[in-house]
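Mapped onto UniProt numbering, the consecutive letters of the sequence shown carry residue numbers 1 to 387.
Positions of the beta carbon are idealized from the N, C-alpha and C atoms, including for glycine.
Before any comments, here is the structure.
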Amino acid sequence: MTETKNPARRIRLGMVGGGQGAFIGAVHRIAARLDDRYELVAGALSSKPDIARASAAELFIAPDRSYDSFADMAKQEAAREDGIDACAIVTPNHLHFPAAMAMLDAGIHVICDKPLCLNVEEAELLAAKVRETGLLFALTHNYTAYPMVREARQMVRDGKLGDIRVVQVEYPQGWMATRVEDTDNKQAHWRADPAKAGMGGALGDIGTHAHNLADFVTGLEISELCADIDAIVPGRKLDDNVQILLRYDNGARGMLWASQVAIGHENGLRLRVYGDKGGIEWAQEHPNHLHFRPLDGRPELMTRGGAGIGSAGLRGVRVPPGHPEGYLEGFANLYTDFADQLIARITNGKADPASMLIPGINEGVKGMKFVEAVVRSAKSGAVWTKI
């Protein structure tokens with residue numbers, strides 16, 4: 001693909017998946033446009049050609065840039081002078097690996113939805129390909145891009161919590177408390193299918209988000225874990241409830257709970273981190289607040305864009321305090337960080353160091369190693385297992 005040296009244009013974006021009936025594709029498209037850095041110009045939006053073409057027409061993609069497969073899109077876009085700069089992969093999990101490899105082989109940068117792929121073997125092959133090509137690869141763990149999450153991360157690194165002792169992270173949902181996969185719910189159907197979702201149900205879908213969030217904020221590495229995973233709804237092939245004890249390399253202890261059968265919960269991702277000087281707490285359903293409780297001081301309720309917030313927490317803030325931001329803006333922050341890095345590549349410039357917080361291939365590999373260790377522990381009778 002020929003890259004222009006002129007940055008005075010939007011980044012040309014392609015998309016694999018995300019056609020009619022898909023949820024996450026629309027989220028990615030909104031996020032890409034929120035800061036006006038991208039233009040969606042090509043797509044292989046469905047494995048069904050008629051749906052792919054109809055979806056492309058709805059999104060004003062030219063007919064000759066609507067493709068029946070991601071392989072065709074990678075090959076043909078790479079040959080165009082105005083070919084795509086990057087491709088967003090928003091398919092079910094089993095297609096992440098082949099679609100990403102096709103784009104990387106064609107010299108196209110990749111933005112991939114999580115989890116990275118189906119297993120560690122695929123993850124390591126992708127990592128090797130990213131190193132070989134030198135291309136950018138982003139993994140959309142969008143919660144890492146919430147301003148108050150980045151503020152929490154910086155507080156840990158500034159020593160405001162002291163030495164980390166305890167990490168508690170949970171992600172309860174209730175939407176799969178019945179066999180919703182037996183209905184016409186497209187999102188539930190593939191998530192309950194091991195061939196499409198991989199070895200983890202709730203573990204792969206939301207457990208990886210919880211793992212990544214704790215990893216991002218604390219900077220700690222899990223040394224070993226003890227896991228109990230279960231398919232509580234009768235007949236379900238993949239887990240819908242996961243409880244994991246964690247031991248960190250610095251001696252800290254932790255616990256991760258992820259459930260999609262927790263009736264009454266909608267999207268309850270929550271992180272608590274406690275050190276020997278203080279603790280912090282953040283909840284996704286109240287994303288503009290960060291609670292800080294110092295050992296010898298008054299508790300603080302910190303607000304997005306409010307007084308005392310540092311540069312890490314201010315990056316990505318678009319509207320004044322009190323005007324809620326959240327899910328879409330978190331995705332948009334990742335897309336904007338990726339755009340900063342990509343434009344720096346195109347212009348032989350230097351990206352803002354703050355844009356480098358976006359999760360990438362290394363985080364994807366870690367996520368798959370985490371999933372495999374959890375499954376191994378559970379299958380061995382909930383024994384302590386090293387990652």
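Check each candidate in Ile343, Gly349, Gly330 and Ala378 and name the one with the smallest Cα separation from Arg29.
Taking the sequence shown and counting its residues from 1, the one referred to as residue 29 is at position 29. Of the listed residues, the one whose Cα sits closest to Arg29 is Gly330.
Report, in whole angstroms, the separation of the C-beta atoms of Ala86 and Leu342, which I expect to be a contact under 8 Å.
Residue mapping note: residue 86 aligns to position 86 of the sequence shown, counting from 1. Residue mapping note: residue 342 aligns to position 342 of the sequence shown, counting from 1. Yes, Ala86 and Leu342 are in contact; Cβ-Cβ is about 6 Å, under 8 Å.
Answer with buried or exposed for Phe60, where buried requires no fewer than 16 other C-beta atoms within 10 angstroms of its C-beta.
Counting from 1 along the sequence shown, the entry for residue 60 is found at position 60. Exposed: under 16 other Cβ atoms inside 10 Å.
Helix, strand or coil for Gln76, going by three-state DSSP, please let me know.
Taking the first residue of the sequence shown as position 1, residue 76 is located at position 76. DSSP places Gln76 in helix when its eight states are reduced to three.
Under 8 Å by Cβ, that's how I've got Pro359 and Leu139 pegged, so tell me the actual separation to the nearest angstrom.
Here residue 359 refers to the residue found at position 359 when the sequence shown is read from its first residue. Here residue 139 refers to the residue found at position 139 when the sequence shown is read from its first residue. Going by Cβ atoms, the distance from Pro359 to Leu139 rounds to 4 Å, so yes, they are a contact pair.
Classify Glu266 as buried or exposed, calling it buried when 16 or more other Cβ atoms lie within 10 Å of its own Cβ.
Here residue 266 corresponds to residue number 266 of the sequence shown, with the count starting at 1. Its Cβ having fewer than 16 others within 10 Å, Glu266 is exposed.
Once the 5 residues before and after Gly207 are set aside, which same chain residues still bring their CB inside 6 Å of it?
Locating residue 207 in the sequence shown gives position 207, where the first residue counts as 1. The answer, listed in chain order, is Val242 and Ala258.
Quickly, what does DSSP pair Val365 with across the bridge? List them, please.
Sequence index remark: in the sequence shown, residue 365 carries index 365 (1-based). Note: Val365 sits in no beta bridge, so no partner.
Once DSSP output is grouped into helix, strand and coil, what is the label at Tyr146?
Within the sequence shown, numbered from 1, the residue matching residue 146 stands at position 146. It is coil, neither helix nor strand.
Going by DSSP in three states, Phe23 sits in which element: helix, strand or coil?
Residue mapping note: residue 23 aligns to position 23 of the sequence shown, counting from 1. In the structure shown, Phe23 sits in coil (DSSP, three-state: anything other than H, G, I, E or B).
Give me the residue from Asp193, Lys75, Ala145 and Ala32 with the minimum Cα distance to Asp105.
Within the sequence shown, the letter at position 105 stands for residue 105. The shortest Cα separation from Asp105 among Asp193, Lys75, Ala145 and Ala32 belongs to Lys75.
From what residue to what residue does the beta strand (DSSP E) around Pro172 run?
Here residue 172 is taken as the residue at index 172 of the sequence shown, counted from 1. Pro172 -> beta strand (DSSP E) spans Ile164 to Pro172.
Does DSSP classify Thr385 as helix, strand or coil?
Position 385 of the sequence shown, counted from the start, is the residue given in the question as residue 385. Strand.
So, do the stretch 286-295 and the stretch 194-204 have three or more beta carbon pairs nearer to each other than 8 Å?
Judged by Cβ distances under 8 Å, the stretch 286-295 makes no contact with the stretch 194-204, as fewer than three pairs qualify.
Going by beta carbon distance, what residues of the same chain come within less than 6 Å of Ala354, once the five residues before and after it are set aside?
Here residue 354 refers to the residue found at position 354 when the sequence shown is read from its first residue. Taken in chain order, the residues that qualify are Arg315.
Excluding five sequence neighbours on each side, which residues of the same chain lie with their C-beta closer than 8 Å to the C-beta of Gly219?
Walking along the sequence shown from the start, residue 219 turns up at place 219. For Gly219, where only same-chain residues beyond five positions count, the Cβ hits under 8 Å are Arg153, Val156 and Arg157.
Taking the alpha carbon of His211 as the reference point, which residue from Val169, Ala54 and Pro321 has its own alpha carbon closest?
Position 211 of the sequence shown holds residue 211. When only C-alpha atoms are compared, the closest one is Val169.
Within 10 angstroms of the Cβ of Thr2, are there 16 or more other Cβ atoms? Answer buried if so, exposed if not.
For this step, residue 2 is matched to residue 2 along the sequence shown. Unreliable positioning characterises Thr2 in this predicted model, as indicated by a pLDDT of 33, which lies under 50. The coordinate reading is nonetheless provided below. So Thr2 ends up on the exposed side.
Quick check on Asn93: does DSSP put it in helix, strand or coil?
As a first step, residue 93 is located in the sequence shown; it is residue number 93 there, counting from the start. In the structure shown, Asn93 sits in a helix (DSSP, three-state: H, G or I).
Can you list, in chain order, the stretches of the beta strand (DSSP E) that have 3 or more residues and sit fully within the stretch 213-286?
Within the stretch 213-286, the complete beta strand (DSSP E) runs of at least 3 residues are 222-230, 241-248, 253-259, 270-275 and 278-283.
Identify which residue in His109, Arg179 and Gly19 has its Cα closest to the Cα of Pro234.
Residue mapping note: residue 234 aligns to position 234 of the sequence shown, counting from 1. For Pro234, the nearest C-alpha among the options comes from Arg179.
So is Gly14 buried or exposed if we call it buried at 16+ other beta carbons inside 10 Å?
Translated into positions along the sequence shown, residue 14 becomes position 14. With 16 or more Cβ atoms within 10 Å of its Cβ, Gly14 is classed as buried.
Leaving out the 5 sequence neighbours to the left and right, which residues in its chain are closer than 6 Å to Ile51 when beta-carbon positions are compared?
Here residue 51 refers to the residue found at position 51 of the sequence shown. Same-chain partners within the cutoff: Gly19 and Gln20.
So, for Arg53: in the same chain, excluding its five sequence neighbours on each side, which residues have a beta-carbon less than 6 Å away from its beta-carbon?
In the sequence shown, residue 53 corresponds to position 53, counting from 1. Correct list, in chain order: Ser66.
Assess, as a yes-or-no matter, whether the stretch 333-341 is touched by the stretch 176-191 under the definition of 3 or more beta carbon pairs within less than 8 Å.
Counting Cβ pairs under 8 Å, fewer than three are found: no touch.
Helix, strand or coil: how does DSSP classify Gly201 here?
Against the sequence shown, residue 201 aligns to sequence position 201. Looking at Gly201 - three-state DSSP - the assignment turns out to be coil, as it is neither helix nor strand.
Does the count of Cβ pairs from the stretch 93-104 and the stretch 112-130 closer than 8 Å reach three?
Yes, the stretch 93-104 is in contact with the stretch 112-130.
DSSP on His323, reduced to helix/strand/coil?
As a working note, residue 323 is residue 323 in the sequence shown. Of the three classes helix, strand and coil, the one that applies to His323 here is coil, per DSSP.
How many angstroms separate the CA atom of Trp282 from the CA atom of Gln187?
Here residue 282 refers to the residue found at position 282 of the sequence shown. Here residue 187 refers to the residue found at position 187 of the sequence shown. Approximately 27 Å between the Cα atoms of the pair.
For Thr4, does the count of other Cβ atoms within 10 angstroms reach 16, so buried, or fall short, so exposed?
Here residue 4 refers to the residue found at position 4 of the sequence shown. Because the pLDDT of Thr4 is 38, which lies under 50, any placement of that residue in the model is unreliable, and the question is left without a value.
If I follow the unbroken alpha helix (DSSP H) through Ala57, where does it start and stop?
The count along the sequence shown starts at 1 and reaches residue 57 at position 57. Ala57 -> alpha helix (DSSP H) spans Pro49 to Glu58.
What residues in its chain sit with their C-beta under 8 Å from that of Met101, if we drop five residues either side in the sequence?
As a first step, residue 101 is located in the sequence shown; it is residue number 101 there, counting from the start. Excluding residues within five positions, the ones whose Cβ falls inside 8 Å are Leu125, Leu126 and Lys129.
Name, in chain order, the residues that DSSP records as bridge partners for Val16.
Here residue 16 is taken as the residue at index 16 of the sequence shown, counted from 1. Bridge partners of Val16: Ala44 and Ile89.
Keeping to the same chain, check which residues put their C-beta closer than 7 Å to that of Ala378; ignore five residues upstream and five downstream.
As a first step, residue 378 is located in the sequence shown; it is residue number 378 there, counting from the start. Ala227, Asp228 and Ile229, listed in sequence order.
Is the beta carbon of Gly162 less than 8 Å from the beta carbon of Gly43?
Here the question's residue 162 lines up with position 162 in the sequence shown. Here the question's residue 43 lines up with position 43 in the sequence shown. Going by C-beta atoms, Gly162 is not nearer than 8 Å to Gly43.
Quick check on DSSP: helix, strand or coil for Tyr67?
By one-based count along the sequence shown, residue 67 stands at place 67. The answer is coil: DSSP assigns Tyr67 none of H, G, I, E or B.
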